[in-house]
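Asks: Start counting the sequence shown at 1; every next residue gets the next number (the working numbering).
Supplied in structure tokens, the structure appears directly below.
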Amino acid sequence: MSNQLALVFIVVMLLLIAVMFAIAAFKKRRRTALFHLDFPAVWEQHIRDHIKLYNKLPETLKQQLKGHINVFLSEKYFEGHQGLEITDEMRVVIAAQACLLLLNRKTNYFPHLKTILVYPTAFVNPNHDSAHAGNLGESWVRGPVVLSWGHSLHGGKNDQDGSNLVIHEFAHQLDQEDGVGDGTPMLEHGHIKTWAKVLGKEFKSLKVKAKCRRRSFFNHYGATNAAEFFAVISEHFFEQPKTFNRKHPDLYQELKKYYQVDPLDWE
Ligand SMILES: [Zn+2]
1 MSNQLALVFI VVMLLLIAVM FAIAAFKKRR RTALFHLDFP AVWEQHIRDH IKLYNKLPET
61 LKQQLKGHIN VFLSEKYFEG HQGLEITDEM RVVIAAQACL LLLNRKTNYF PHLKTILVYP
121 TAFVNPNHDS AHAGNLGESW VRGPVVLSWG HSLHGGKNDQ DGSNLVIHEF AHQLDQEDGV
181 GDGTPMLEHG HIKTWAKVLG KEFKSLKVKA KCRRRSFFNH YGATNAAEFF AVISEHFFEQ
241 PKTFNRKHPD LYQELKKYYQ VDPLDWE
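What follows is the structure, given as structure tokens:
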């Protein structure tokens, strides 16, 4: 009897594994088809009009970005708040900036993220104690990303101030992919050693500068904790590569290795 039970157990487990593989294969096929789907001309015009960085990308990365946007938009749900009606322009402009973080990398498209909540401008989250009068964005572990549309748009239009709300919040999503937002996203094998060394040193240095109110290249908000540090340096990496690389070359190399792109080439 116990042998029969063990056999049933093994068969059930094998069936479950087979189902899981079938679902994964189906998802992969679906994503590949979406990736190669035609990209509507009007969507591309929204990106050209609002995402300055897009216009600097080489053609191959533009094509790749459009493929990622197709997949992203088919998998994520957008929800307008405070009377904001979500338009295609909003979806595309937000998706384009989020997908910049996926270029050239093996990606699972922010797997824990289902919904993006969009407010017209800065918002107050009633479920969240905050010292600020209004938040511009939030990213929750296994929860939604919350964005101010006004600031998401502004971030796309200004690509040189080292400040980009969408990049910031989606860098948090990458960091949170392993279930914890600690400033260390999932890294390639063998990368953790230099990552921990370089980021640890730079984070410490920024904390000292912020505490003494000394000028620094990075926004002092990055000194809040390791998670904010990673999100803030990601903004500077994509928007101010030249100064970033000149002032913090080791850190620039770490982000270049992680993001698999070199924004210096886009200057
Ligand atoms: Zn943050």
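For every residue, glycine included, the Cβ atom is placed at its ideal position computed from N, Cα and C.
Being a predicted model, the structure only gives us computed values, none of them experimental.
Starting from Ile116, follow its DSSP beta bridges and name the residues at the other end.
Replies: DSSP output for Ile116 lists Phe78, Val145 as bridge partner(s).
Asks: Please say whether Val118 and Leu84 have beta carbons closer to each other than 8 Å?
Replies: Closer than 8 Å, so yes.
Asks: State the beta-bridge partners of Ser139 as determined by DSSP.
Replies: Partner(s): Val145.
Asks: With DSSP collapsed to three states, give me the class of Phe123.
Replies: Strand at Phe123.
Asks: For my contact list, Ala231 and Val166 are in at a C-beta cut-off of 8 Å; report their separation, rounded to the angstrom.
Replies: The pair is not a contact, with the Cβ atoms about 11 Å apart (cut-off 8 Å).
Asks: With H, G and I counted as helix, E and B as strand and the rest as coil, what does DSSP make of Phe218?
Replies: Looking at Phe218 - three-state DSSP - the assignment turns out to be coil, as it is neither helix nor strand.
Asks: When you get a sec, list the residues whose CB is within less than 6 Å of any heavy atom of ligand 1, chain order please.
Replies: For ligand 1, the selected residues are His168, His172, Glu228, Ala231.
Asks: Taking a contact to mean a Cβ-Cβ separation below 8 Å, would you say Glu75 touches Asn164 in this structure?
Replies: No.
Asks: Any idea if Phe9 is buried or exposed, counting beta-carbon neighbours within 10 angstroms, 16 or more meaning buried?
Replies: It counts as exposed.
Asks: For Ser130, I'd like the list of residues in its chain whose CB is within less than 8 Å of its CB, leaving aside the five on either flank, ordered along the chain.
Replies: With a pLDDT of only 42 at Ser130, under the threshold of 50, the placement of this residue in the model should not be trusted; the figure read from the coordinates follows. Once the five neighbours on either side are set aside, the close Cβ partners of Ser130 are Val124.
Asks: Between the Cα of Ala41 and those of Ala226, Gln63, Leu199, spot the shortest distance and give me the residue it belongs to.
Replies: Closest by alpha carbon: Gln63.
Asks: Skipping 5 residues on each side, what residues in its chain have a beta carbon closer than 8 Å to that of Pro241?
Replies: Correct list, in chain order: Tyr252, Asp262, Pro263, Leu264, Trp266, Glu267.
Asks: Rounded to a whole number of angstroms, what is the C-alpha to C-alpha distance between Asn55 and Met13?
Replies: Computed Cα separation, rounded: 50 Å.
Asks: Counting only runs of 4+ residues fully inside the segment 165-246, write out the alpha helix (DSSP H) ranges in chain order.
Replies: List check, alpha helix (DSSP H) in window: 165-176, 192-211, 226-239.
Asks: Taking the C-alpha atoms as reference points, what is the distance between Arg31 and Tyr77?
Replies: Arg31 and Tyr77: Cα-Cα distance of roughly 16 Å.
Asks: Taking the continuous alpha helix (DSSP H) assigned at Ile23, which residues delimit it?
Replies: Start and end: 2-35.
Asks: Confirm, please, whether the CB-CB distance from Asp88 to Trp149 is below 8 Å.
Replies: Cβ distance not < 8 Å, so Trp149 and Asp88 don't count as in contact.
Asks: For the alpha helix (DSSP H) containing Gln253, name the first residue and the last one.
Replies: Counting along the chain, the alpha helix (DSSP H) containing Gln253 begins and ends at 249-259.
Asks: Enumerate in chain order the residues of its own chain whose CB-to-CB distance from His220 is below 6 Å, with the five nearest sequence positions on each side excluded.
Replies: Contacts found: Ala210.
Asks: In whole angstroms, what separates the C-alpha of Gly222 from that of Phe203?
Replies: Distance between the alpha carbons of Gly222 and Phe203: 8 Å.
Asks: Asn55 lies in the alpha helix (DSSP H); which residues open and close that run?
Replies: Start and end: 52-56.
Asks: Please state if the CB of Leu65 and the CB of Leu34 are separated by a distance shorter than 8 Å.
Replies: In this structure, Leu65 does not lie closer than 8 Å to Leu34 by Cβ.
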